[in-house]
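Notes follow the structure.
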Amino acid sequence: MTITLPDEMRAQLERDARAGGFATVDEYVAEALRTDRSDTAGSGPPGMSPRSRAELDAMLDAGVASGPPIRMTPEFWQERERELARRMAARRGGTP
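Just so you know, we're using this note's numbering here: the sequence shown kicks off at 48 and counts up by one.
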């Protein structure tokens, strides 16, 4: 397979390959692809790891259609943390 890259990108890949101890850019790119596959394969909850751009687009469309947006403010996350503490305490039979 032959991939044509801009000179600047090719030079950066060559620097990255050398810095990573790879003999060639081909070896570096092959390892990067292997790592990417293992990082994304089953990395999310069931049904939440898109395998293609089309699948990701469909998931995003479903999210937009699911209801009004929720603002992710610091207060939102503080409440999520309090709720998690309550749930964990309830499982242990205590209070947070």
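Idealized CB from N, CA, C, for every residue including glycine.
Three or more beta-carbon pairs separated by less than 8 Å are not found between the stretch 93 to 111 and the stretch 70 to 82, which leaves the two stretches without contact.
Residue burial annotation: A58 is exposed, with fewer than 16 other C-beta atoms found within 10 angstroms of its C-beta. Each residue's CA atom was taken as its position, placing M119 and R134 some 21 Å apart. In the three-state reduction of the DSSP assignment, R133 falls in the helix class, which pools H, G and I. E55 sits away from V72, with the two beta carbons spaced by 8 Å or more. Residue state for L52 is assigned as coil, using DSSP reduced to three classes. Residue burial is scored here from C-beta neighbours: A64 has at least 16 other C-beta atoms within 10 angstroms and is therefore classed as buried.
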